[in-house]
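Undergrad:
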Amino acid sequence: MAASMAAASGGSVTRRLLRGAVRGLSGGGAAAEEPEAAVVNVVFVDRTGRHVPVRGRVGDNVLHLAQRHGLELEGACEASLACSTCHVYVSAPHLDRLPPPDEREDDLLDQAPQLQENSRLGCQILLTPELEGAHFVLPKVTRNFYVDGHVPKPH
């Protein structure tokens with residue numbers, strides 16, 4: 000019965016899903032427009048002052064986004080909110096668009112070197128459309144926990 004229903008509706012569920020994915024990748028239909036709407040363009044400023052434009056997606060974690068693009072943002076606790084090694088400065092117009100830091104983030108920020116009013120932990124910032132054009136500046140100094148050269152990889 001299920002096979003006859005699949006045949007009547009144009010093939011197996013898997014084939015229909017694949018056709019939809021290919022259609023979305025080929026640029027046709029509304030499916031192709033939806034992923035573009037989910038893109039957020041931000042700029043990281045590394046410790047040397049180099050501006051690195053990055054395209055992320057709504058919901059991306061700023062720490063993992065930076066790591067995926069080869070920026071030196073440690074994140075020793077791997078976004079478990081247990082360190083301050085992903086400390087960043089958020090551009091002024093975008094800082095107010097973030098939810099306020101909770102008590103745990105505030106406590107960890109107190110441990111970050113060179114704390115400023117616009118300091119936040121990158122692991123706690125999720126991209127939203129309101130963060131379009133935001134600049135995330137990496138502080139000149141950081142307190143790294145890894146001493147053996149280990150670089151955490153996002154999951």
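Every letter in the sequence shown is one number past the one before it in numbering that gives the first Met the number 0, and letter 127, counting from 1, is 126.
Glycine included, every Cβ here is placed at the ideal spot set by N, Cα and C.
Note that the structure is a prediction, hence the values are computed from the model and not measured.
1) Mind checking Leu137: buried by the 16 CB within 10 Å criterion, or exposed?
2) One question on the structure: do Thr84 and Glu71 come within less than 8 Å of each other, judged by their Cβ atoms?
3) Cutting at 8 Å between CB atoms, please list the residues of its own chain near Leu80, excluding the five before and the five after it.
4) Taking a contact to mean a Cβ-Cβ separation below 8 Å, would you say Val41 touches Gly58 in this structure?
5) Name the DSSP bridge partner or partners of Pro52?
6) With respect to the alpha helix (DSSP H) encompassing Leu114, which residues constitute its N-terminal and C-terminal limits?
7) Drop a sphere of 10 angstroms on the beta-carbon of Ala78, count the other beta-carbons inside from all chains shown, and report buried for 16 or more, exposed for fewer.
8) Determine whether the beta carbon atoms of Asn117 and Val140 lie at a separation below 8 Å.
9) Span of the alpha helix (DSSP H) holding His63?
10) Taking the alpha-carbon positions, what's the Asp109 to Asp45 distance?
11) Taking the Cβ atom as the reference point for each residue, do Leu94 and Val39 lie within a distance shorter than 8 Å?
12) Under the assumption that His86 contacts Ala111 (Cβ atoms under 8 Å), give the Cβ distance between them as a whole number of angstroms.
TA: Working from what's here:
1) As a first step, residue 137 must be located in the sequence shown, where it is residue number 138. That one is buried.
2) The residue you call residue 84 lines up with position 85 of the sequence shown. The residue you call residue 71 lines up with position 72 of the sequence shown. Cβ atoms of Thr84 and Glu71: not closer than 8 Å.
3) Indexing the sequence shown from 1 puts residue 80 at position 81. Answer for Leu80: Arg103, Glu104, Leu107, Leu120, Cys122 and Gln123, listed in chain order.
4) Along the sequence shown, read from residue 1 onward, the residue named residue 41 stands at position 42. Along the sequence shown, read from residue 1 onward, the residue named residue 58 stands at position 59. No, they are not a contact pair.
5) Taking the first residue of the sequence shown as 1, we reach residue 52 at position 53. Looking at the DSSP assignment, Pro52 forms a beta bridge with Val42.
6) Position 115 of the sequence shown, counted from the start, is the residue given in the question as residue 114. Note, Leu114: premise wrong, no alpha helix (DSSP H); not H, not E.
7) Position 79 of the sequence shown, counting from 1, holds the residue named residue 78. By the 10 Å Cβ count, Ala78 comes out buried.
8) Residue 117 sits at position 118 when you count from the first residue of the sequence shown. Residue 140 sits at position 141 when you count from the first residue of the sequence shown. Contact flag unset, no.
9) Residue mapping note: residue 63 aligns to position 64 of the sequence shown, counting from 1. Looking at the DSSP string, the run of the alpha helix (DSSP H) that includes His63 is Val61 to Arg67.
10) Mapped onto the sequence shown, residue 109 falls at position 110. Mapped onto the sequence shown, residue 45 falls at position 46. Going from the Cα of Asp109 to the Cα of Asp45 covers about 22 Å.
11) On the sequence shown, residue 94 is found 95 positions in, with the first residue counted as 1. On the sequence shown, residue 39 is found 40 positions in, with the first residue counted as 1. No, these two residues do not count as a Cβ contact at 8 Å.
12) Taking the first residue of the sequence shown as position 1, residue 86 is located at position 87. Taking the first residue of the sequence shown as position 1, residue 111 is located at position 112. Right, their Cβ atoms sit about 4 Å apart.
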